[in-house]
Structure formats: structure tokens, C-alpha cells
Amino acid sequence: MYRVLVAAAVLAITNPAFAAEHVVRMSGANYEPSQIDGRVGDTIRFVNDDTVNHDVFVPTGGFGIDLGRQEPGDERSMRLGKAGTFEAECVFHGHMLLTVSVRR
Ligand SMILES: [Cu+2]
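Counting from -6, one number per residue, gives the positions in the sequence shown under my numbering.
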């Protein structure tokens, strides 16, 4: 039984099939939710449910990324590549902030 549990734990850590997908909706000029707790290998799918363009820009050093302009209905994905905490913001709406905490 112990071996099975260890094997399952190793599989959960190393197999990307166990990676989670977090969905963040851009709605009412906000990210919903505005906080994500994820693990390395997870992805965040950004869905623009709004009537205006949005963007996902990460200014935090070492996590820098810009997913580019998302028009209403557009979806983009971001993979969480390393542990740490970073902020994402919309270049069009300075108050749109998302905090992402990533653990191993
Ligand atoms: Cu925006």
C-alpha cells in the first residue's frame, strides 16, 4: 500500500496530466478571481468576457510576459513555469490587478 501511495505521489508531482488549469475571467474591467494559488506546471486561461479589450502584462522581474491584446471573446493561456509570486496587470486598465502565487 505504501508503495502505491508513493508511486501516486510521484506521478502527481511529475506528470503534467495532474497540472491544473485556472480560469480567470476579464469582466467588468477586473480579473475574476484576482488571486490565484497555483503550482509549477499549471496554466491560467484568461477569458475576455468583457465588451472591451484587455491584456495580461507581468512586470515582476523573472516572470515577465505579455500575452498581448485580447479582444472580447479572446482566450489566452499562461503556463506557470517557476515558483514564486508575481503580479499581472492590464496595460489598458491600471486598476486591473491579479496576484499569482506559485509553489512547487
Ligand atoms: Cu483591461
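All C-beta atoms, glycine included, are put in the ideal place defined by N, C-alpha and C.
Since we're looking at a predicted model, the values are computed, not measured.
Residue i and residue j: beta carbons closer than 8 Å?
i: V16; j: V40; result: yes
i: L91; j: S20; result: no
i: L60; j: R72; result: no
Just checking my contact of residue i with residue j at CB under 8 Å: how many whole Å lie between their CB atoms?
i: V95; j: A76; result: 5 Å
i: D42; j: R18; result: 5 Å
i: F85; j: H47; result: 6 Å
Let's test the definition: count the other Cβ atoms within 10 Å of the Cβ of residue i and tell me whether it reaches 16, buried, or not, exposed.
i: F11; result: exposed
i: A81; result: buried
i: G31; result: buried
i: V102; result: The requested residue 102 does not occur in the structure, where the chain is confined to residues -6 to 97.
Using CA coordinates, which residue listed in the options is at the minimum distance from residue i?
i: G74; options: V45, V49, G57; result: G57
i: P52; options: G66, G87, E14, E25; result: G87
i: Q63; options: A13, E25, C83; result: C83
For ligand 3, is there any heavy atom lying closer than 7 Å to the beta carbon of residue i?
i: F50; result: Ligand 3 is absent from the structure shown, which contains only ligand 1.
Subject >> Segments assigned beta strand (DSSP E), at least 3 residues, entirely inside the region 11 to 85 >> reply: 14 to 20, 23 to 25, 28 to 32, 36 to 41, 68 to 72, 77 to 82
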